[in-house]
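Counting from 877, one number per residue, gives the positions in the sequence shown under the numbering used here. The structure appears right after this line, and notes come after that.
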Amino acid sequence: MAKQYDVIVIGAGPGGMTAALYASRANLSVLMLDRGIYGGQMNNTAAIENYPGFSSVMGPDLAENMYQGSTQFGAEYAYGNVEGIEDHGAIKVVKTDTDSFEAKAVVIATGSEYRKLGVPGEEAYGGRGVSYCAVCDGAFFKGREVIVVGGGDSAVEEGLYLTQLASKVTVIHRRDQLRAQKIIQDRAFANDKMNFIWNSNVEEVLGDDQKVTGVKVVNNQTGEEQTIDASGVFIYVGILPKTEQFGDLGITDETGWIPTDKNMATKVPGIFAIGDVRAKDLRQITTAVGDGGVAGQQVFKYIESLADTGATV
Ligand code: FAD
Ligand code: NAP
């Protein structure tokens, strides 16, 4: 028989860990499942400077602290690659690639993944110069020239991180204005190692039979084409929701994000969604933990309401 819990939290990023903390403090039995290491995207972030209580904290350190906190009231944590949720009313069945678990309520906190650029060479040179994680791979490019593609917070902030390792960082952006927060832009413009190529699209990642050697870039205003030499290409062109496993529940919108009400409830009673995976404007650690706190409390209320209605669980 499948092991039963009050609540299963899918994803142990900042959102999921906070939901587990709140639900377990309400004396519910909680299982957190993650197919990676707990901490989620925080593990891919060097210095976090906008989390209250810290002037600056390393992402993996904050992840470890959150994990210790989230499990102190009995929430269990286990590896699990979740492939779907079956909704049987008062009981939900969460299926991983190896197991099934039952719960009265489920919190989806699966976050987002990097959008691919979709140009020739990107896939072929993956792990051979093309990267989506400066914190993970930046050290391979010590003293070398690298390219960053994108103009958002991730591209500019991770570009700044790379200046500590690379000899030169060239940001290639498709417009002539960055999307990144003003404070991050100001730092980037003041950094001698940061260079910008505006109004330009990377059309191909170039390389030899071993590794990346550069990119082909086309100016979208003039049509001018040029080759930029580089050893590494870091791609930060946005994020996509990790919700493909939940499509059959009918809880996603047309772009794959999950809309919720103010209590983080989805269209399906007993299934909640929090953090980056939710349809919302601001995707940050602070907003993920805020969502997690709300969901942790709301699952308690939902489970109480099941008992009130006499639903058999
Ligand atoms: P995530 O952190 O994405 O965690 C989701 C978890 O779900 C992961 O551990 C994943 O393994 C797991 N998962 C996914 N699918 C499944 C599945 N099917 N089965 C089991 N587990 C699954 N925000 C800030 O506030 N400050 C910053 O400085 C900052 N820097 C950033 C830098 C970068 C490069 C990026 C990409 C983001 C940054 N952010 C920053 C944003 C912040 O990291 C996210 O908003 C936050 O991590 C979202 O938390 P989450 O819990 O919703 O999801
Ligand atoms: P983002 O904000 O969506 O920015 C994506 C960037 O990539 C944009 O500049 C976009 O250009 C560009 N882009 C998109 N598709 C492209 C394509 N096909 N070709 C070339 N360029 C393309 O994504 P993000 O920077 O990864 O940030 C994701 C979320 O995490 C955001 O909510 C962000 O605030 C958050 N985050 C926060 C921090 C922080 O607080 N310090 C750090 C990192 C991330 P346009 O500008 O022209 O659209």
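Glycine included, C-beta positions come from ideal geometry on N, C-alpha and C.
Starting from the C-beta of residue i, find all residues in its chain whose C-beta is less than 8 Å away, skip the five residues before and the five after it, and write them out in chain order.
| i | result |
| --- | --- |
| D1129 | P1135, A1155 |
| Q1057 | D1029 |
| V958 | I886, L909, R911, V970, K971, T972, T986, Q1121 |
| D882 | A899, L904, S905, V906, A979, K980, A981, V1175, I1179 |
| K1069 | T1039, A1042, S1043, K1044, V1045 |
Going by the CB atoms, is the gap between residue j and residue i shorter than 8 Å?
| i | j | result |
| --- | --- | --- |
| A981 | I1150 | no |
| L904 | V1144 | no |
| G1083 | D1105 | no |
| G1172 | L938 | no |
| V1093 | Q1102 | yes |
| Y943 | G915 | yes |
| Y1008 | I1111 | yes |
| T921 | V1011 | yes |
| R991 | I1115 | yes |
| G891 | D1124 | no |
| E925 | S932 | yes |
| N919 | G935 | yes |
| F1065 | V1047 | no |
| M1140 | V1170 | yes |
Mapping the DSSP letters down to three states, classify residue i as helix, strand or coil.
| i | result |
| --- | --- |
| Y898 | helix |
| S931 | coil |
| I1060 | helix |
| P1117 | strand |
| D1085 | coil |
| Y1037 | helix |
| E998 | coil |
| Y1112 | coil |
| A1015 | helix |
| A1149 | strand |
| N1096 | coil |
| N920 | helix |
| S1107 | coil |
| D1184 | helix |
| E925 | coil |
I'd like to confirm the pairing. Which residues does DSSP put opposite residue i in its beta bridges?
| i | result |
| --- | --- |
| Y881 | A979 |
| R1004 | Answer by DSSP bridge pairing: none, since R1004 is not bridged. |
| K1044 | E1021 |
| R1154 | I1134 |
| F1072 | V1047 |
| M908 | V885, Y953 |
| A1141 | F1148 |
| E1079 | Note: E1079 sits in no beta bridge, so no partner. |
| D963 | K968 |
Excluding the 5 residues preceding and the 5 following residue i in the sequence, name in chain order all residues of the same chain whose CB lies nearer than 7 Å to its CB.
| i | result |
| --- | --- |
| K1018 | L1041 |
| L993 | V1025, V1078, I1111, V1113 |
| E989 | I1115, L1116, K1118 |
| T947 | Y953 |
Cutting at 6 Å between CB atoms, please list the residues of its own chain near residue i, excluding the five before and the five after it.
| i | result |
| --- | --- |
| G1108 | G1005, F1017, V1022 |
| K879 | F977 |
| G1027 | H1049, L1054, R1055 |
| R1051 | none |
| R1159 | D1152 |
| G960 | K971, Q1121 |
Strictly under 8 Å for the Cβ-Cβ distance: is residue i near chain C by that measure?
| i | result |
| --- | --- |
| A899 | Any reference to chain C falls outside this structure, which holds one protein chain only. |
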